[in-house]
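Numbering (our numbering), first residue to last: 1 to 261.
Note that the Cβ used here is the ideal one computed from N, Cα and C, for glycine as well.
Note that the structure is predicted; figures quoted are calculated from it, not measured.
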């Protein structure tokens, strides 16, 4: 069943994600608006907006969900070489508007973008509120890659990334995972699976396990405000899992895992 959301009431609840369509996978609702309160409510319940220019706003909650646990970030041999060269420096929240604009641009494969102007404006407002964040990758003073997303409690909801040179978006994600692990974040939501994400250690988990994770960790105190420490960082080239993520396969007797020690 597809639910219709009315605009003008951003605090209205979303339908239960268990009612989402299976074909297309995860389509739950249509309509509403991109008010910050509605967006934050969506993320807290495992829902995100995704629609093309000219379409109404569509809200999704696919099953399974793709997550990257910060302690499971995988750095391949070739990516380690890139990191050792220290040619790509990384900053946080230094150029959010430029990153989201780059993510909205044409793709190398010629595909279009779903980042319509009203979507860009909504995330820039969340950034102004200290809830949406960007990772920038620089080479010789030029922005060559990056990503952005939303942080609620100890969950980071990744939205989009871009790359203008080899490995730039991978370097952005490695740095984000290392920083989030240090801050005690539990997971990075990657939404849907891709070969690119698999190479970095992402895996699919049941939606039921994902929403249980959100219920437990989104209310936690997070890292609101600007993440810009005025530094440029060269991420570590350490690879392999340092701390496995929780088992999110639903079980009647399984408890929600506590935060990492």
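Reduced DSSP secondary structure (H/G/I, E/B, other) of residue 142: For this step, residue 142 is matched to residue 142 along the chain shown. DSSP places residue 142 in strand when its eight states are reduced to three.
Figure out for me which residue from 26, 39 and 198 has the closest Cα to the Cα of residue 127. As a position in the chain shown, residue 127 is number 127, starting the count at 1. Distance from the Cα of residue 127 is smallest, within the candidate group 26, 39 and 198, for 39.
Residue 330 vs residue 190 beta-carbon contact at 8 Å: The structure shown does not extend to residue 330, since the chain is modelled only from 1 through 261, so no value can be given for it.
Rounded to whole angstroms, how far is the Cβ of residue 17 from the Cβ of residue 211, which I believe are closer than 8 Å? Translated into the one-based positions of the chain shown, residue 17 becomes position 17. Translated into the one-based positions of the chain shown, residue 211 becomes position 211. The beta-carbon separation of residue 17 and residue 211, rounded to 6 Å, stays under the 8 Å limit for a contact.
Do you know offhand how far residue 177's Cα is from residue 32's? In the chain shown, the residue the question calls residue 177 occupies position 177. In the chain shown, the residue the question calls residue 32 occupies position 32. Computed Cα separation, rounded: 32 Å.
Report the partner residues of residue 89 according to the DSSP bridge assignment. As a position in the chain shown, residue 89 is number 89, starting the count at 1. Beta-bridge pairing links residue 89 to 138.
Does DSSP classify residue 218 as helix, strand or coil? Translated into the one-based positions of the chain shown, residue 218 becomes position 218. Looking at residue 218 - three-state DSSP - the assignment turns out to be coil, as it is neither helix nor strand.
For residue 78 and residue 14, what's the separation of their Cα atoms in angstroms? Position 78 of the chain shown, counted from the first residue, corresponds to residue 78. Position 14 of the chain shown, counted from the first residue, corresponds to residue 14. Between the alpha carbons of residue 78 and residue 14 lies a gap of roughly 43 Å.
Where residue 190 falls: helix, strand or coil (DSSP): Residue 190 sits at position 190 when you count from the first residue of the chain shown. DSSP places residue 190 within a strand segment (E or B) once states are collapsed to three.
DSSP state of residue 116, grouped into three classes? Here residue 116 corresponds to residue number 116 of the chain shown, with the count starting at 1. Three-state DSSP puts residue 116 in coil, outside helix and strand.
Simplified DSSP assignment, three categories, for residue 158: One-based indexing of the chain shown puts residue 158 at position 158. Note: residue 158 maps to strand in three-state DSSP.
Determine the closest residue to residue 150 out of 139, 29, 218 and 133, with distance taken between C-alpha atoms. Start at 1 with the first residue of the chain shown, and residue 150 comes out as number 150. Residue 133 is the option with its Cα nearest to residue 150.
Which residue comes first and which comes last in the beta strand (DSSP E) that contains residue 27? Position 27 of the chain shown, counted from the first residue, corresponds to residue 27. Start and end: 27-31.
Straight-line gap, residue 45 to residue 146 (C-alpha atoms, nearest Å): Counted from its first residue, the chain shown places residue 45 at position 45. Counted from its first residue, the chain shown places residue 146 at position 146. Answer to the nearest angstrom: the Cα atoms are 26 Å apart.
Inspect the beta-carbon positions of residue 167 and residue 82 and report whether they are closer than 8 Å. Indexing the chain shown from 1 puts residue 167 at position 167. Indexing the chain shown from 1 puts residue 82 at position 82. It is a contact, given that the beta carbons lie within the stated cut-off.
Between which residues of its own chain and residue 61 is the CB-CB distance below 6 Å, once the five residues before and five after are set aside? By one-based count along the chain shown, residue 61 stands at place 61. The answer, listed in chain order, is 17, 20, 26, 28, 46 and 47.
Outcome for residue 106 when other beta-carbon atoms lying within 10 angstroms are tallied against a minimum of 16: As a first step, residue 106 must be located in the chain shown, where it is residue number 106. So residue 106 counts as exposed.
Residue 185 and residue 164: beta carbons closer than 8 Å? Here residue 185 refers to the residue found at position 185 when the chain shown is read from its first residue. Here residue 164 refers to the residue found at position 164 when the chain shown is read from its first residue. No, the Cβ-Cβ distance between residue 185 and residue 164 is not below 8 Å.
Please report how far the alpha carbon of residue 93 lies from the alpha carbon of residue 136, in whole angstroms. Working through the chain shown from its first residue, we reach residue 93 at position 93. Working through the chain shown from its first residue, we reach residue 136 at position 136. The alpha-carbon atoms of residue 93 and residue 136 are separated by roughly 7 Å.
Report the CB separation of residue 187 from residue 213 in whole angstroms; it is logged as a contact under 8 Å. Against the chain shown, residue 187 aligns to sequence position 187. Against the chain shown, residue 213 aligns to sequence position 213. 6 Å between Cβ atoms; contact.
C-alpha gap between residue 72 and residue 161, whole angstroms: Here residue 72 refers to the residue found at position 72 when the chain shown is read from its first residue. Here residue 161 refers to the residue found at position 161 when the chain shown is read from its first residue. Distance from the CA of residue 72 to the CA of residue 161, rounded to the nearest whole angstrom, comes to 19 Å.
Per DSSP, which residues does residue 49 bridge with? Please list them. As a position in the chain shown, residue 49 is number 49, starting the count at 1. Beta-bridge annotation (DSSP): residue 49 is paired with 59.
Assuming residue 37 contacts residue 7 under a Cβ cut-off of 8 Å, what Cβ separation, rounded to an integer in Å, is found between them? On the chain shown, residue 37 is found 37 positions in, with the first residue counted as 1. On the chain shown, residue 7 is found 7 positions in, with the first residue counted as 1. Your pair residue 37 and residue 7 does not check out as a contact, with CB atoms roughly 12 Å apart and the cut at 8 Å.
Can you name the residues that DSSP bridges to residue 133? Within the chain shown, numbered from 1, the residue matching residue 133 stands at position 133. Answer is 149, bridged to residue 133.
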